[in-house]
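Trainee: Sequential numbering of the sequence shown, starting at 34, is according to this note's numbering.
From the three backbone atoms N, C-alpha and C, an ideal C-beta is built for every residue, glycine too.
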Amino acid sequence: MIKEVFGKWIKRLFLFLPGMILISSTFAQSNDTYICKDVFISFYSPAPIADVAAQTDRAASAINMKTGDVYFKVPMRTFEFKRGLMQQHFNNDYLQTDKYPFATFEGKIQNFTPPTGDGTFPVTVVGQMTIHGVSKAYTEQGTLELKNSHLTAVTAFNISLEDHHIEIPTILNYHVAKVVAIKVKATYTLSDKK
Numbered sequence: 034m035i036k037e038v039f040g041k042w043i044k045r046l047f048l049f050l051p052g053m054i055l056i057s058s059t060f061a062q063s064n065d066t067y068i069c070k071d072v073f074i075s076f077y078s079p080a081p082i083a084d085v086a087a088q089t090d091r092a093a094s095a096i097n098m099k100t101g102d103v104y105f106k107v108p109m110r111t112f113e114f115k116r117g118l119m120q121q122h123f124n125n126d127y128l129q130t131d132k133y134p135f136a137t138f139e140g141k142i143q144n145f146t147p148p149t150g151d152g153t154f155p156v157t158v159v160g161q162m163t164i165h166g167v168s169k170a171y172t173e174q175g176t177l178e179l180k181n182s183h184l185t186a187v188t189a190f191n192i193s194l195e196d197h198h199i200e201i202p203t204i205l206n207y208h209v210a211k212v213v214a215i216k217v218k219a220t221y222t223l224s225d226k227k
């Protein structure tokens with residue numbers, strides 16, 4: 034029992050650590066960088082037989098509020114489904130998470146002006162998202178709310194499975210939507226490194 038729990042903990046640590054190292058090196062954690070280690074991401078795809086839905090709260094992200102640089106890293110195996118069989122198909126058949134363990138997004142807030150105080154700001158983020166080993170340019174809308182040194186980012190957008198070469202077996206082709214609705218919410222804290 035202890036060995037199993039310890040093994041799961043070590044596995045999660047090794048999934049999470051590379052993302053945080055990359056975020057640290059990408060942003061050099063200046064005092065303008067906000068970090069979130071528990072980004073909430075959900076996806077939903079309606080289907081005639083059973084809707085496909087999953088969520089994770091183990092993604093990592095950083096936003097530099099001086100430059101507008103944005104980074105996300107998502108360990109794909111952390112998505113949880115209501116049905117175990119769906120989770121198994123997601124990891125083994127569709128996303129091949131052993132081969133492609135992470136999804137990433139690296140981009141920049143368009144026409145970014147650093148905020149001078151608390152408030153809610155609409156933003157457009159432009160960048161490259163890599164899922165299933167395939168990168169694609171995205172331009173998405175969202176909001177940033179800055180309040181008492183905490184930053185909250187919220188966005189919703191769609192991803193086409195075809196854009197990232199995610200193949201659905203022919204037998205399921207008519208039962209799984211080709212576009213997936215994504216929702217993201219991250220609450221960041223200011224990095225304490227100067």
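By Cβ distance below 6 Å, which residues in the same chain neighbour T89 in space, the five residues on each side in sequence not counted?
Mentor: Contacts found: I74, T111, F112.
Trainee: Check for me: the beta strand (DSSP E) holding L223 runs from which residue to which?
Mentor: It spans 212-223 - the beta strand (DSSP E) in which L223 sits, taken as one unbroken run.
Trainee: Quick one, are the C-beta atoms of M109 and Y133 less than 8 Å apart?
Mentor: Their beta carbons are under 8 Å apart, which means M109 touches Y133 by this criterion.
Trainee: What's the call for I82, buried or exposed, on a 16-neighbour Cβ count within 10 Å?
Mentor: Exposed, because fewer than 16 other Cβ atoms sit within 10 Å of the Cβ of I82.
Trainee: Buried or exposed for L146, please, with buried defined as at least 16 other CB atoms from any protein chain shown within 10 angstroms of its CB.
Mentor: This sequence places Thr at residue 146; Leu is not what is there. Exposed.
Trainee: Sorted by chain position, which residues of the same chain lie with C-beta nearer than 8 Å to I199's C-beta, five sequence neighbours on each side aside?
Mentor: Hits under 8 Å: Y127, L128, I164, H165.
Trainee: Can you have a look at F154 and say buried or exposed, based on whether 16 or more other CB atoms are within 10 angstroms of its CB?
Mentor: Answer is exposed; the Cβ neighbour count stays below 16.
Trainee: I need the boundaries of the beta strand (DSSP E) containing L128, first residue and last residue.
Mentor: Note, L128: premise wrong, no beta strand (DSSP E); not H, not E.
Trainee: Under a Cβ-count criterion, where at least 16 other Cβ atoms within 10 Å of its own Cβ denotes burial, should K106 be classed as buried or exposed?
Mentor: With 16 or more Cβ atoms within 10 Å of its Cβ, K106 is classed as buried.
Trainee: Closer than 6 Å by C-beta to T137: which residues in its own chain qualify, once you throw out the five before and the five after it? Chain order, please.
Mentor: So the list reads K106, T163, once near-sequence residues are dropped.
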